[in-house]
Amino acid sequence: MAKRQLYNLGEIARRFGGDLIGDAATRISQVASLESATAFDISFVSHPRFLSELAKTKAGAVIVGAHDRDATALPRIICANPYAYFARVSALLNPPAAVEAGVHKTAVVERGAKIADSASIGAGAYIGKKANIGPGASIGAGTFIGDGTTIGAETLLYANVSVYHGCTIGKRCIVHSGAVIGADGFGLAHDNGVWLKIPQIGGVVIGNDVEVGANTTIDRGALHDTVIEDGVKMDNQIQIAHNVKIGANTAIAACVGIAGSATIGRNCAIGGAAMLRGHIVIADNVSISAGTLVQKEILEPGEYTGVYPFTTFRRWVRNAAHLQELDELVKRVRRLERGLESKKGGTS
Amino acid sequence: MAKRQLYNLGEIARRFGGDLIGDAATRISQVASLESATAFDISFVSHPRFLSELAKTKAGAVIVGAHDRDATALPRIICANPYAYFARVSALLNPPAAVEAGVHKTAVVERGAKIADSASIGAGAYIGKKANIGPGASIGAGTFIGDGTTIGAETLLYANVSVYHGCTIGKRCIVHSGAVIGADGFGLAHDNGVWLKIPQIGGVVIGNDVEVGANTTIDRGALHDTVIEDGVKMDNQIQIAHNVKIGANTAIAACVGIAGSATIGRNCAIGGAAMLRGHIVIADNVSISAGTLVQKEILEPGEYTGVYPFTTFRRWVRNAAHLQELDELVKRVRRLERGLESKKGGTS
Amino acid sequence: MAKRQLYNLGEIARRFGGDLIGDAATRISQVASLESATAFDISFVSHPRFLSELAKTKAGAVIVGAHDRDATALPRIICANPYAYFARVSALLNPPAAVEAGVHKTAVVERGAKIADSASIGAGAYIGKKANIGPGASIGAGTFIGDGTTIGAETLLYANVSVYHGCTIGKRCIVHSGAVIGADGFGLAHDNGVWLKIPQIGGVVIGNDVEVGANTTIDRGALHDTVIEDGVKMDNQIQIAHNVKIGANTAIAACVGIAGSATIGRNCAIGGAAMLRGHIVIADNVSISAGTLVQKEILEPGEYTGVYPFTTFRRWVRNAAHLQELDELVKRVRRLERGLESKKGGTS
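Chains as they are written, first to last, in the working numbering: chain V, 21 to 368; chain Z, 21 to 368; chain H, 21 to 368.
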């Protein structure tokens with residue numbers, strides 16, 4: 021909504037590095053795709069498949085890798101990682117909306133809550149007893165912060181987020197609408213045909229620079245805390261059960277579920293709708309394909325997959341029925357092998 | 021909650037067409053299933069399996085297809101599509117609650133917002149700067165409308181919906197509680213072991229007559245808009261990632277996930293919990309079975325499936341282990357074929 | 021947040037039964053895991069794999085089964101079900117926060133609503149016309165209760181829950197943040213290429229002692245009610261479609277989807293991310309493994325599974341391709357069997 025500032029290409033290169041080729045005075049006001057860019061836009065090439073679009077782009081300037089140094093006559097910045105460079109330029113051109121410091125008159129702040137002067141508390145937000153809202157933090161309209169919960173400096177919670185009591189969120193985090201942090205884990209004891217609830221007395225501890233997607237849920241721990249380390253990025257509609265631990269800089273795509281007490285390593289990448297069993301350990305640097313159900317530990321880095329390939333219904337139905345007789349089929353093949361073997365013996 | 025009006029069968033047939041057989045003065049106040057209907061109810065038969073219930077129903081009247089013209093002696097309407105006819109009658113008998121025009125005294129309306137006189141803004145709702153709420157639109161209690169967002173005429177947002185800034189929702193849409201529209205897409209650039217956020221500067225554009233289920237999330241675009249065309253119907257807990265495009269009149273069942281930049285055709289039907297990879301194209305008139313993971317483009321209309329069939333755990337565990345040796349099994353069969361072939365050669 | 025009371029071991033054993041061995045005056049203030057417990061904590065052993073931790077624990081007392089009567093010298097309670105006993109002790113030591121009776125000054129209560137004197141209505145909550153809030157019930161901040169909805173005694177709804185009109189929730193239930201109860205079921209009739217909405221005129225009826233997890237959605241019925249019986253426990257992000265019926269004391273893990281009109285038995289256990297087709301019947305005492313898609317009825321108790329096992333991507337891709345030729349493979353094996361059979365015939 022704010023008016024965007026203009027930068028020239030020279031300023032950008034000075035700020036973020038890279039080799040500048042062409043007119044340093046080229047003025048840039050926004051990022052855009054190669055296809056839709058116009059004269060004041062800067063675009064980027066992160067993959068050879070975009071070179072044909074590069075030839076046609078109307079962008080004012082582009083960001084390219086060393087291989088594409090001479091792939092265009094446009095003013096350009098040459099750098100090692102064009103997509104990361106583009107991310108930095110876009111963040112410069114699209115700064116987050118300024119936080120309006122202060123507590124909205126319709127917000128409710130309970131006794132003992134500490135709110136930094138530079139923090140913003142939105143309309144109808146609720147800040148529980150002894151909660152602590154750090155400098156520059158922004159609490160969206162209708163967002164609920166439970167008793168004793170701490171929100172770190174410059175952390176942004178959008179509207180209608182719910183953070184239960186006794187949780188901690190670090191600095192520079194982003195939490196999207198509808199996310200629920202600190203609800204009870206699913207702890208039940210079976211007793212004579214009914215379920216007894218196990219009080220969930222742990223909390224949730226989230227590090228710095230974490231992003232939590234819309235409608236994602238992160239449960240509080242049963243006895244100890246659920247822990248999300250620094251730099252973890254989570255998309256929408258993810259479910260993190262009680263006592264899960266997620267290592268630093270792991271990225272998790274939408275609709276993933278991680279069951280209780282699973283420990284996920286650092287720098288992992290978990291594809292959308294993957295599901296991880298409880299109490300398993302996943303090593304660092306593991307990549308899990310979308311839709312995969314992980315039923316046991318993964319101790320070696322690498323890419324792991326387990327999905328049923330789709331096809332036409334007609335073909336699927338013909339093939340899938342045999343899955344229930346695979347064991348029998350393997351035995352039949354073994355019998356055939358023995359039969360052929362004995363015949364060989366018989367004819368030798 | 022409102023008192024229901026009585027209609028007689030003749031009025032209904034005049035309004036919606038079809039052949040009326042029996043007493044046109046039959047009075048109808050509500051729709052019901054064949055099983056539970058009583059004298060003032062109208063019911064319907066959409067499939068031959070309901071004919072035995074038709075024989076026993078206590079309904080005052082029924083809606084049937086041409087085949088079932090003489091399947092009952094009850095007052096009846098004969099039409100081409102009894103289920104659609106029933107939908108229209110039910111809509112007549114169960115009109116939406118009247119919108120109470122006006123802004124609730126606990127709602128917050130920021131400067132520059134335009135709210136039609138006939139619109140309703142519920143308790144504790146928040147309307148951002150320069151937002152635009154159309155005639156007859158209804159914004160539920162606690163619902164958040166971001167800066168510059170437009171809500172079309174007669175669109176109904178239930179309680180606790182969140183629509184971020186710069187989005188557009190068309191006319192006569194319905195958005196259920198907990199839905200989040202316009203949160204950031206999951207755009208990240210990897211750079212030296214950490215993730216840089218890509219600002220998501222596109223919006224979400226939703227057409228007319230779209231329904232969005234409870235806790236469904238539709239992310240804003242990275243550089244361009246995420247687009248939902250007219251007449252798309254979405255159930256609960258669906259995740260639509262950034263820059264997805266969904267063609268007109270496509271219906272999507274609950275728990276579906278559609279990854280970034282996928283383009284879905286018109287008139288598709290996507291079964292519950294199906295997951296679609298990013299950057300793929302799905303043609304018009306494609307039907308995807310529940311639970312299917314779609315890993316690549318679908319260019320021909322038809323029904324597509326890919327799910328592992330369930331069975332007892334005992335049987336599953338015996339068969340599923342062989343999936344990891346299928347390639348070996350195929351080779352063994354090939355060896356057997358060659359062996360038998362050579363024996364044939366040997367004995368000929 | 022409340023100050024915890026101290027109990028001694030003798031009081032606990034008198035209250036909940038079991039054999040007490042050791043000092044009855046041992047003072048207990050909290051439950052803890054064997055690993056982290058200190059002198060005023062009580063811990064438990066529910067499985068032989070914890071015996072090595074038992075040997076090292078610094079707990080003040082432990083709860084053990086008969087088999088482990090002599091496995092420690094610590095003050096201990098011997099009982100039949102240590103985990104259930106532990107649940108009861110934890111509930112004693114961690115009582116729910118006391119409900120502050122009364123209606124918060126920022127809450128909105130519509131005309132005709134009945135609110136028990138001992139109920140608590142949180143900040144910014146909304147109570148619709150003729151709604152009924154029972155004694156000791158607690159409605160969280162920002163929570164929406166629709167017209168005519170009933171909330172039973174001592175039921176706790178956390179912040180930002182949405183319950184639509186005309187629903188009933190029983191006594192002693194817990195509903196977590198972001199849950200949506202009573203949104204429209206996904207009822208559509210196809211008519212000349214567009215979808216007509218079927219008004220959803222049923223409600224949702226939830227029994228006593230039910231727990232509903234964060235961001236779980238339970239749709240209202242089309243013509244009849246959606247029904248959740250007593251003692252059902254639901255984790256987060258579960259989708260219950262219209263007209264589903266769930267039998268008493270069934271437990272459902274996170275991310276499960278149950279499609280319309282499915283009937284689930286009593287005492288079932290449904291693993292995380294399992295998906296159940298609509299209109300099917302599941303017997304009592306059925307256990308469904310995580311990630312399983314249930315496409316048809318289950319009439320016998322037992323454990324049911326259907327998931328594709330994961331492995332390295334490299335191995336998966338080699339094997340999975342053959343799934344589309346399984347039918348052909350089975351035919352090839354049959355041909356081999358016939359070939360070998362005929363040869364046998366030929367050489368006999």
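We put the beta carbon where it would ideally sit given N, CA and C, even for glycine.
Closer than 8 Å to the CB of V/Leu177 there is not a single CB belonging to chain H.
In this chain, Z/Phe70 is not harboured by any alpha helix (DSSP H), its DSSP state being neither H nor E. Nearest to V/Gly148 by C-alpha distance, out of V/Asp61, V/Asp137, V/Ile135 and V/Gly168, is V/Gly168. Using a Cβ-Cβ cut-off of 9 Å, H/Arg108 is close to Ala209, Asp211 and Leu216 of chain V, given in chain order. The alpha carbon of V/Ser53 has as its nearest neighbour, out of V/Pro68, V/Glu73, V/His342 and V/Asn114, the alpha carbon of V/Glu73. The DSSP-derived three-state label of Z/Val353 is helix. Cβ-Cβ separation between H/Ser158 and H/Ala139: approximately 7 Å, consistent with a contact (criterion under 8 Å). Identification of chain Z residues near V/Leu356 by a Cβ-Cβ cut-off of 7 Å yields Leu356, ordered along the chain. Residue range Pro102 to Leu113 is occupied by the alpha helix (DSSP H) that includes Z/Leu113.
With respect to chain H, the C-beta atom of Z/Val51 has a partner C-beta closer than 8 Å. Shown here, H/Lys134 sits in a strand according to DSSP, grouped into three states. Here Z/Ala203 really is in contact with V/Asn256; their C-beta atoms are around 7 Å apart, less than 8 Å.
Taking a cut-off of 8 Å for Cβ pairs, the region 37-47 of chain Z and the region 97-117 of chain Z touch, as three or more such pairs fall below it. For Z/His196, the chain H residues whose C-beta falls within less than 8 Å of its own C-beta are Val200, Ala203 and Asp204, listed in chain order.
In the DSSP annotation of this structure, V/Glu323 is not part of any alpha helix (DSSP H); the continuous beta strand (DSSP E) holding it starts and ends at Gly322 to Thr325. Only Asn235, Thr237, Asp239, Leu243 and His244 from the region 228-250 of chain H bring a Cβ to less than 8 Å from some Cβ of chain Z. The alpha-carbon of Z/Lys217 is positioned some 30 Å away from that of Z/Leu177. Taking a Cβ-Cβ cut-off of 7 Å, V/Gly267 has no neighbours in chain Z, whose nearest Cβ is about 12 Å from it.
Z/Ala81: member of the beta strand (DSSP E) spanning Ala81 to Val84, first to last residue.
If you ignore the 5 residues before and after V/Ala293, its C-beta comes within less than 7 Å of the C-beta of Cys275, Val276, Ala310 and Gly311, all in its own chain and listed in chain order.
For the pair of segments examined, the region 322-336 of chain Z was found to touch the region 341-359 of chain V: the number of CB pairs separated by less than 8 Å reaches three. For Z/Arg338, the enclosing alpha helix (DSSP H) starts and ends at Phe333 to Ala340.
Inter-residue distance for Z/Ile171 and H/Asp250 is about 41 Å (C-alpha atoms, whole angstroms).
Non-local C-beta neighbours of V/Thr236 in its own chain, meaning closer than 7 Å and more than five positions away in sequence, comprise Ala199, Met254, Asn256, Gln257 and Ile258, ordered along the chain. In the DSSP assignment, H/Phe330 falls outside any beta strand (DSSP E), carrying neither H nor E.
Between Z/Lys150 and Z/Ala133 a beta carbon distance of about 6 Å is seen, short of the 8 Å cut, so the two are scored as contacting. For Z/Gly298, the closest of Z/Ala289, Z/Asn287 and Z/Ser281 by C-alpha to C-alpha distance is Z/Ser281. In the assembly as shown, H/Lys265 is a buried residue. Its beta-carbon has 16 or more other beta-carbons within 10 Å. Using a CB distance cut-off of 8 Å, V/Val264 does not count as an interface residue toward chain H. Its chain contains Gly144, Ala179 and Asn180 as the residues whose beta carbon lies nearer than 6 Å to that of H/Gly162, once the 5 sequence neighbours on both sides are disregarded; these appear in chain order.
For H/Gln344, the C-beta contacts it makes with chain V under 8 Å involve Pro329, Thr331, Arg335 and Asn339, in order along the chain. Residue nearest to V/Phe106 within the set V/Ile284, V/Ile62, V/Arg34 and V/Asp137 is V/Ile62 (criterion: CA-CA distance).
In the three-state DSSP reduction, V/Gly298 falls in the coil class, being neither helix nor strand.
Listed in chain order, the non-local C-beta contacts of H/Val123 below 7 Å within the same chain comprise Val129, Ile135 and Ile141, local neighbours out to five positions each way being set aside. Restricted to the region 182-211 of chain H, the beta strand (DSSP E) segments that are unbroken, complete and at least 3 residues in length are 208-211, listed in chain order. Looking at the DSSP output, V/Ala271 bridges to V/Lys253 and V/Ala289.
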